[in-house]
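Presented below is the structure to which this report refers.
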Amino acid sequence: GAVVSQHPSRVICKSGTSVKIECRSLDFQATTMFWYRQFPKQSLMLMATSNEGSKATYEQGVEKDKFLINHASLTLSTLTVTSAHPEDSSFYICSARDGTGPSPLHFGNGTRLTVT
Amino acid sequence: AQSVTQLDSQVPVFEEAPVELRCNYSSSVSVYLFWYVQYPNQGLQLLLKYLSGSTLVESINGFEAEFNKSQTSFHLRKPSVHISDTAEYFCAVSDLDAGNKLTFGGGTRVLVKP
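Chains as they are written, first to last, in our numbering: chain A, 138 to 253; chain B, 8 to 121.
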């Protein structure tokens, strides 16, 4: 149980275009999902907390107009990288918590974004 | 703010040898502790967790970690590693005082050699 599906796994786009990444909780409902960014050989950096039915909470230094997050249902959150630039190339990972309190996060398999 | 330190960025180890990955976190009244494993180009998989109770927690694949409150540590160990244990390992702390936000350490890359 507690599977998080992330799509696409890999995407290449041209500079200036927008890319949407989907994150779905397949067998549980997630009122909160989390979006992380991971640079090569580095740890995960929390970008934002996605809340179902309300605005996302962004971490300091993360541009909310560039990284648009929508959490329209209890099983789906999307991250749209708008007007992508080569420096946005990274590994993006979503996660969700099955339940409340201290239950562990379940992670998607990540999306490798390459902006040319 | 909570911080998590993994002292070793890379640990080379021979197959069937023991391994220990160190993790220390900044002090907090109430924390939950996790170890995650990441294989190349994949997301993270939960390895084990400490929420309460026994300070020694074990995973199904032979890993164990011990919560030491006085030393604010949660080191991960395995008595005998396999080639398949080659991966990146992340220690993470969930701070109740910060709304259960998960903070990750920098990661330790384990390279198991034959």
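Even glycine gets a Cβ: it sits at the ideal position worked out from N, Cα and C.
Nothing here was measured: the structure is a model prediction, and the numbers come from that model.
Count the CB pairs spanning the segment 160 to 175 of chain A and the segment 189 to 207 of chain A that are closer than 8 angstroms, and state whether there are at least three. yes
Where do the ends of the beta strand (DSSP E) carrying A:VAL148 lie? Here residue 148 of chain A refers to the residue found at position 11 when the first sequence is read from its first residue. Residues 147 to 150.
Is the Cβ of B:ASN48 closer than 9 angstroms to any Cβ of chain A? Working through the second sequence from its first residue, we reach residue 48 of chain B at position 41. Closer than 9 angstroms: yes.
Within this structure, are the beta carbons of B:TYR43 and B:PHE97 separated by less than 9 angstroms? Locating residue 43 of chain B in the second sequence gives position 36, where the first residue counts as 1. Locating residue 97 of chain B in the second sequence gives position 90, where the first residue counts as 1. Taking a C-beta distance under 9 angstroms as the contact criterion, B:TYR43 and B:PHE97 qualify as a contact pair.
Nearest to A:SER214 by CA position, among A:ILE206, A:SER220 and A:ALA221, is which residue? Taking the first residue of the first sequence as position 1, residue 214 of chain A is located at position 77. For the residues A:ILE206, A:SER220 and A:ALA221, the minimum Cα distance to A:SER214 belongs to A:ILE206.
List, in chain order, every chain A residue whose beta-carbon is nearer than 7 angstroms to that of B:LYS120. One-based indexing of the second sequence puts residue 120 of chain B at position 113. Correct list: empty, because the minimum Cβ distance to chain A is about 19 angstroms.
So what does B:ASP102 bridge to, in DSSP terms? Numbered from 1 along the second sequence, position 95 holds the residue referred to as residue 102 of chain B. DSSP output for B:ASP102 lists B:VAL38 and B:LYS108 as bridge partner(s).
Cβ-based neighbour list, A:ALA193, same chain, cut-off 6 angstroms, excluding 5 preceding and 5 following: Translated into the one-based positions of the first sequence, residue 193 of chain A becomes position 56. In chain order, ALA185, SER187 and ILE206 place their CB closer than 6 angstroms to the CB of A:ALA193, counting only its own chain and leaving out the 5 sequence neighbours on each side.
Is the segment 52 to 67 of chain B close to the segment 15 to 22 of chain B, with three or more CB pairs under 8 angstroms? no
Outcome for B:ALA72 when other beta-carbon atoms lying within 10 angstroms are tallied against a minimum of 16: Taking the second sequence and counting its residues from 1, the one referred to as residue 72 of chain B is at position 65. With 16 or more Cβ atoms within 10 Å of its Cβ, B:ALA72 is classed as buried.
Under 9 angstroms between beta-carbons, which chain A residues line up against B:PHE70? List them in chain order, please. Translated into positions along the second sequence, residue 70 of chain B becomes position 63. Neighbours of B:PHE70 on chain A: none; closest Cβ ~15 angstroms, over 9 angstroms.
So which residues on chain B does A:SER265 lean against when the C-beta distance must stay under 7 angstroms? Coverage of chain A is limited to positions 138 through 253, which leaves residue 265 of chain A absent and any answer about it impossible.
So, does the CB of A:ASN246 fall closer than 9 angstroms to a CB anywhere in chain B? The residue given as residue 246 of chain A occupies position 109 in the first sequence. Yes, its Cβ sits closer than 9 angstroms to a Cβ of chain B.
Run through DSSP, which three-state label would A:GLN224 get? Working through the first sequence from its first residue, we reach residue 224 of chain A at position 87. Per the sequence shown, residue 224 of chain A should be read as Glu rather than Gln. Helix.
Can you list, in chain order, the stretches of the beta strand (DSSP E) that have 3 or more residues and sit fully within the segment 72 to 100 of chain B? Runs of the beta strand (DSSP E) spanning 3 or more residues and lying entirely within the segment 72 to 100 of chain B occur at 80 to 85, in chain order.
Assuming A:LEU181 and B:PHE111 are in contact, meaning their beta carbons sit under 8 angstroms apart, how far apart are those beta carbons, in whole angstroms? Residue 181 of chain A sits at position 44 when you count from the first residue of the first sequence. Residue 111 of chain B sits at position 104 when you count from the first residue of the second sequence. The pair is a contact, with the Cβ atoms about 5 angstroms apart (cut-off 8 angstroms).
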